[in-house]
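Chemist: Input: one structure, supplied below.
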């Protein structure tokens with residue numbers, strides 16, 4: 350029986366031979382590091398009005414999946430895109446060796462166990478950072494009306510991400526990374542493909558190319574939205590796994606077209622299982638519906654939310670339970686074997 354890490358790897362690589370369905374996040378552990386800790390963007394539920402290292406104010410109300418930027422006029426960072434350099438200052442990336450050593454030990458221990466990828470977690474992404482700084486409305490308008498200024502802002506953010514990538518690879522030597530950047534709503538991408546290509550394909554090819562060139566086997570990119578129209582660009586960027594692939598993308602159709610080129614991790618929208626009043630039968634039904642009729646290659650059944658957990662307490666653990674049950678029934682594994690193959694169930698929220 351394969352470990353969760355190797356089963357995940359065999360699911361992703363072209364022509365791999367997994368022996369069961371990957372169960373949500375079991376093969377990848379999302380790991381912290383000094384830049385994300387010092388970013389000020391990690392909020393607890395109920396925390397309100399927190400200002401991060403870029404000057405963006407965030408609220409994290411109860412019963413929402415994550416913290417959101419506050420864009421009242423006085424709190425928007427970029428008051429005028431023509432003078433964005435006046436307002437935007439990237440935070441420092443120089444942290445003491447002793448601080449890195451704490452994380453180095455965590456990464457080394459998990460990687461030595463061989464049961465899951467130790468993947469540094471990065472958020473927000475390049476597009477998200479632009480609308481965190483400008484507000485979503487103003488950012489999208491600026492991409493149309495001030496493309497040169499937005500190109501400059503994207504370049505500035507990309508250069509910061511590249512500096513961070515260099516330090517993280519040098520200090521932690523990750524085998525995978527998990528990078529957020531949402532590119533649409535449930536129904537469509539925020540930009541048409543031509544505009545998306547103009548602003549983001551080059552920067553992400555540069556960033557993800559750096560990671561691949563410095564020991565990172567797999568880039569997991571979280572984007573829980575409709576982005577089926579952007580998949581060719583994702584492949585060009587170097588994304589190995591699109592995590593957050595919502596049902597609206599027609600995952601079976603994507604698999605038919607792109608299997609072996611990119612893996613799709615998701616297809617179980619949180620709204621289907623993560624709601625007040627859920628029952629065990631609700632979760633079982635959804636889990637089995639998203640396993641029957643699928644094969645392993647390039648498909649990772651998972652909640653679309655960008656981390657292991659749930660908004661309503663218990664639903665993620667219940668989903669894991671039923672995917673385990675499916676793997677026992679269909680492929681003959683015992684629960685003890687399935688649990689021994691992974692380093693423990695990581696639940697970051699809910």
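In the working numbering, the protein residues as written are 350 to 699.
Glycine included, every Cβ here is placed at the ideal spot set by N, Cα and C.
1. Given residue 375, which residues of its chain have a CB within under 6 Å of its CB, disregarding the five upstream and five downstream residues?
2. Please check the pair residue 580 and residue 607, which I expect to be a contact at CB under 8 Å, by giving their CB distance rounded to whole angstroms.
3. Quick one: give me the first and last residue of the alpha helix (DSSP H) that residue 451 is part of.
4. Who are the near neighbours of residue 632 in its chain, counting only those whose CB is closer than 7 Å to its CB and skipping five residues on each side?
5. In whole angstroms, what is the alpha-carbon distance linking residue 441 and residue 383?
6. Quick one: Cα of residue 511 to Cα of residue 568, how far?
7. Can you tell which of 656, 647, 372 and 613 has the C-alpha that lies nearest to the C-alpha of residue 527?
8. Of all the options 403, 371, 422 and 689, which has the alpha carbon lying nearest to the alpha carbon of residue 643?
9. Can you tell me the Cβ-Cβ gap for residue 587 and residue 558, rounded? I've got them flagged as a contact below 8 Å.
10. Tell me whether residue 620 is buried or exposed, calling it buried when 16 or more other Cβ atoms sit within 10 Å of its Cβ.
11. Alpha carbons only, please: which of 369, 412 and 381 is nearest the one belonging to residue 456?
12. So for residue 479, helix, strand or coil by DSSP?
13. Counting C-beta neighbours from all protein chains within 10 Å, is the total for residue 437 16 or more, i.e. buried, or is it exposed?
14. Under three-state DSSP, which class holds residue 673?
15. When we look at the beta-carbon of residue 654 and count the other beta-carbons within 10 Å, is it buried (16 or more) or exposed?
16. Would you report the Cα separation of residue 449 and residue 435, rounded to the nearest angstrom?
Modeler: With the structure as the only source:
1. 353 and 691
2. 6 Å
3. 446-462
4. 622, 664, 667, 668 and 671
5. 11 Å
6. 15 Å
7. 656
8. 371
9. 6 Å
10. exposed
11. 381
12. helix
13. buried
14. helix
15. buried
16. 31 Å
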